[in-house]
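Going down the list, the sequences are from chains A and B.
Taking the UniProt record's numbering, the leading residue of the first sequence gets 1, the next gets one more, and so forth.
Taking the UniProt record's numbering, the leading residue of the second sequence gets 1, the next gets one more, and so forth.
Positions of the beta carbon are idealized from the N, C-alpha and C atoms, including for glycine.
Protein chains: 2
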Amino acid sequence: MLENLETPCLVIDAERMDRNIQAMADVISQHHVKLRPHAKTHKLPSVALQQIEAGAVGITVAKVSEAEVMAAGGVTNIFIAYPLVTASKIERAIRLSEQIELIVGVDSLAGAQQLEQCASRLGHSLQVRLEIDTGFRRTGVLYEQATALAAEIALMPHLRLTGIYTFRGSLLAGKPTLDVAAAGQEEGTLMVQLAERLRAQGIAITDVSVGSTPTAASAAAVEGVTEVRPGTYVYYDRMQARLGLCGIEDCAGSVLVTVVSRPSADLAIIDGGSKTFATDVQPGTDPLQLLGFGHVMNLEDAFLVRLSEEHGMLDLGPLAQAANLQVGDKLRIIPNHICSTVNLHNQVIMQRGDAFEHLPVLARGMLE
Amino acid sequence: MLENLETPCLVIDAERMDRNIQAMADVISQHHVKLRPHAKTHKLPSVALQQIEAGAVGITVAKVSEAEVMAAGGVTNIFIAYPLVTASKIERAIRLSEQIELIVGVDSLAGAQQLEQCASRLGHSLQVRLEIDTGFRRTGVLYEQATALAAEIALMPHLRLTGIYTFRGSLLAGKPTLDVAAAGQEEGTLMVQLAERLRAQGIAITDVSVGSTPTAASAAAVEGVTEVRPGTYVYYDRMQARLGLCGIEDCAGSVLVTVVSRPSADLAIIDGGSKTFATDVQPGTDPLQLLGFGHVMNLEDAFLVRLSEEHGMLDLGPLAQAANLQVGDKLRIIPNHICSTVNLHNQVIMQRGDAFEHLPVLARGMLE
């Protein structure tokens, strides 16, 4: 029973998760585009396999160590969407590519040369995709420099440049208006145009990979896009709900907490703070205007306004005060950002009806 | 060699740590006050034992699970400075109190009744301290209600109320001026006055426990304070340096990262983001006015201005641009808040001269 779980803990509503997995697979398959979910949200091989079962071609990760955990868990097709630039990591990736279908990201000449040297030394070839910056100013070669860099990589004998990819999901968070459909269309169009330019140069680009949870559906509708990589949709979260991409009732992940103190009428202290709720999506961030660090279920004017490491401070409005919370009461709170919240938890509790399964988050904390 | 470590990783300069441990022990012992460091910063039994070796009476933790890990690592005197309000946790604490000297926090009548019932059921007594809110509005009974609550707890046959404690370290962060000496003196004075009032009621308060890293020294100077509980000083961090409590050269913890992309002259991308650097102390927070999520060593106008989960975006000023950073270069960055950063890392690398020891952070991620 939920009430018997030790708190704080992260509970996943498996039925909501199942629906989210199927709904995204259905939407993307209608466009005859491949779905390669980013595993950063769940960090669980078992959930990755469920996504693949539902139609995904494979998964996306950011780190070699994550790819190793996912491969050990039975995932056989992985894209490391991150530039690998050090020999030790590249060698690990090459070893992994002997066992599974692996693609790695590249975004610079120096990085490509490292990949080429390691692959050559080990007598292997590596499938690579070129990352393009379409405006987020993160990794990715500048759009206008992409054709020149692609031409150099295409000449490297141990690298097979088969695709291009971009990420601009978080670009949306800074925009005053949130037209995610237009954003996805723009992202897809920019990348398809670039792919055509590269093909005109004689580079056989087969994969045009774009999209995050906000833009996946609209980007998939662009003719020429071949793959999308949404991650958060598997659980959704308060930020995605605020963006209008789901209802709060679609959010599969919530943190179960206990009220540990009621020092005054307008204040309740819970046993989860910044070690339990991620703080990378801060309250008040425009245009999300999130009130507090999570959505308190069934207490509409209770706001998680402050966190210290082990304490969460709930500001109680009139309705929440009327609920007369007691020390020992349990609450469920949907975090602002589920991906980074999952990363704080050694385990999640997968709830399916009355069954609670404790799952170690196997790819949690994989930094290398 | 540092250059050979896989990145990102958290490196602890053991010589700086040794100095920090000894310096705090010396300052506090001059006042004939007990030192009970909060282990939340290092989360390592081996470092806790080193603090005890240097003179600490025991340690402080926030969770039963942390106490269990510390006890398993050889620590024999632990204060859980947190209200335990559920039977399962209280029972674990009672079991632990059979093996080590354990004190637990309490701050409400409901919580005290839970403690009393469990202790009675198991036929044990528990040593408790009453937490007082001295202005931070977190856990802690309101100052003016403390005497009434203490009187009720003192009547409970299985609880031994031997002390009072408070925390207001983070109160400082919101203040326009940062007179930490005055803050520590005020904190100590408030608590000593309360202890005297309780003794006048016939409650034998022997421990008056206060102080965090900012206020430990000044609070220890107040006649009647018996114990201080600083945590961060063991490694220090950028926030403490900004508060003037240490120099940046006293900070023992830094994150080693690799430059993975140089998309433009003013931008370098590193392989650590919000999974690597804690985001609970945000840049720009008054009055700290921290520029970015960490202090980049040896590159004075490089600022870690944005993080996504696996990417850190370094904004490079003229001097940093002149340094001509290359893909593959390593940098060291002192995080804003070391405690929550440690919590993100499965291991730390303890560097002592040329020796690098990989230490699993045994009490990391202990939420329950």
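{"Check": "With three or more beta-carbon pairs closer than 8 angstroms as the criterion, would you say the segment 102 to 112 of chain A touches the segment 80 to 90 of chain A?", "Outcome": "yes"}
{"Check": "Against chain A, which members of the segment 130 to 142 of chain B pass a CB distance test of less than 7 angstroms?", "Outcome": "133, 137, 138, 139, 140, 141, 142"}
{"Check": "Do the segment 38 to 48 of chain B and the segment 84 to 93 of chain B meet, that is, are 3 or more Cβ pairs less than 8 angstroms apart?", "Outcome": "no"}
{"Check": "Please determine, among A/111, A/95, A/140, the residue with the shortest C-alpha to C-alpha distance to residue 123 of chain A.", "Outcome": "A/95"}
{"Check": "Less than 8 angstroms separating the beta-carbons of residue 183 of chain B and residue 215 of chain B?", "Outcome": "yes"}
{"Check": "Taking the continuous beta strand (DSSP E) assigned at residue 264 of chain A, which residues delimit it?", "Outcome": "253 to 264"}
{"Check": "Determine, using beta carbons only, whether residue 82 of chain A comes closer than 8 angstroms to chain B.", "Outcome": "yes"}
{"Check": "Using three-state DSSP, classify residue 100 of chain B as helix, strand or coil.", "Outcome": "coil"}
{"Check": "Could you tell me which residues DSSP pairs with residue 378 of chain A in its beta bridges?", "Outcome": "Because chain A spans 1 through 368 in this model, residue 378 of chain A falls outside it and cannot be assessed."}
{"Check": "What's the call for residue 32 of chain A, buried or exposed, on a 16-neighbour Cβ count within 10 Å?", "Outcome": "exposed"}
{"Check": "What whole-angstrom Cβ distance do residue 112 of chain B and residue 152 of chain B have, given they're in contact under 8 angstroms?", "Outcome": "7 angstroms"}
{"Check": "Any idea what DSSP makes of residue 160 of chain B, helix, strand or coil?", "Outcome": "strand"}
{"Check": "What does the alpha-carbon distance come out to for the pair residue 12 of chain B and residue 139 of chain A?", "Outcome": "28 angstroms"}
{"Check": "Let me see if you follow: with CB-CB separation under 8 angstroms, is residue 262 of chain A close to chain B or not?", "Outcome": "yes"}
{"Check": "Can you give me the start and stop residues for the beta strand (DSSP E) that residue 352 of chain B sits inside?", "Outcome": "347 to 352"}
{"Check": "Buried or exposed for residue 354 of chain A, going by 16 or more other Cβ atoms inside 10 Å?", "Outcome": "exposed"}
{"Check": "Please state whether DSSP places residue 176 of chain A in a helix, a strand or coil.", "Outcome": "Caution is warranted here: a pLDDT of 48 is assigned to residue 176 of chain A, below 50, making its placement in the model unreliable, and no coordinate value can be reported."}
{"Check": "Quick one: which residues of the segment 241 to 274 of chain A get their C-beta closer than 9 angstroms to a C-beta of chain B? List them in chain order.", "Outcome": "258, 259, 260, 261, 262, 263, 264, 267, 269, 271, 272, 273, 274"}
{"Check": "Would you grab the beta carbon distance between residue 118 of chain B and residue 231 of chain B for me? Rounded to a whole angstrom, and I think it's under 8 angstroms.", "Outcome": "Actually they do not touch by this definition, with Cβ atoms about 28 angstroms apart."}
{"Check": "Do the segment 314 to 330 of chain A and the segment 250 to 263 of chain A meet, that is, are 3 or more Cβ pairs less than 8 angstroms apart?", "Outcome": "yes"}
{"Check": "Is DSSP giving residue 153 of chain B helix, strand or coil here?", "Outcome": "helix"}
{"Check": "Counting C-beta neighbours from all protein chains within 10 Å, is the total for residue 317 of chain A 16 or more, i.e. buried, or is it exposed?", "Outcome": "exposed"}
{"Check": "Check each residue of the segment 40 to 53 of chain A: if its Cβ is closer than 8 angstroms to any Cβ of chain B, include it; give the result in chain order.", "Outcome": "40"}
{"Check": "Sort out for me which residues DSSP pairs residue 312 of chain B with in a bridge.", "Outcome": "B/270, B/307"}
{"Check": "Could you tell me whether the Cβ atoms of residue 343 of chain A and residue 364 of chain A are closer together than 8 angstroms?", "Outcome": "yes"}
{"Check": "Could you give the first and the last residue of the continuous alpha helix (DSSP H) run that contains residue 12 of chain B?", "Outcome": "Looking at the DSSP string, residue 12 of chain B is not in any alpha helix (DSSP H); the run it does join, the beta strand (DSSP E), is 9 to 13."}
{"Check": "Along the chain, where does the beta strand (DSSP E) containing residue 201 of chain A start, and where does it finish?", "Outcome": "From DSSP, residue 201 of chain A is part of no beta strand (DSSP E); its letter is neither H nor E."}
{"Check": "Check this for me: beta carbons of residue 366 of chain B and residue 34 of chain B, under 8 angstroms apart or not?", "Outcome": "no"}
{"Check": "Could you please give the first and the last residue of the uninterrupted beta strand (DSSP E) stretch that includes residue 342 of chain A?", "Outcome": "Where residue 342 of chain A is concerned, there is no enclosing beta strand (DSSP E), although the alpha helix (DSSP H) it sits in stretches over 338 to 342."}
{"Check": "Do the CB positions of residue 219 of chain A and residue 210 of chain A come within less than 8 angstroms of each other?", "Outcome": "yes"}
{"Check": "For residue 189 of chain A, which of A/201, A/164, A/203 has the nearest alpha-carbon?", "Outcome": "A/164"}
{"Check": "What residues match up with residue 60 of chain A in a beta bridge as DSSP calls it?", "Outcome": "A/38, A/79"}
{"Check": "Can you name, in chain order, every residue of its own chain whose Cβ lies under 7 angstroms from the Cβ of residue 76 of chain B, other than the five neighbours on each side?", "Outcome": "100, 101"}
{"Check": "Taking the Cβ atom as the reference point for each residue, do residue 107 of chain A and residue 130 of chain A lie within a distance shorter than 8 angstroms?", "Outcome": "yes"}
{"Check": "Given a threshold of 16 other Cβ atoms within 10 Å of its Cβ, counted over all protein chains shown, does residue 417 of chain A qualify as buried or as exposed?", "Outcome": "Given that chain A is displayed from residue 1 to residue 368, the structure contains no residue 417 of chain A and the question cannot be resolved."}
{"Check": "Does DSSP classify residue 282 of chain B as helix, strand or coil?", "Outcome": "coil"}
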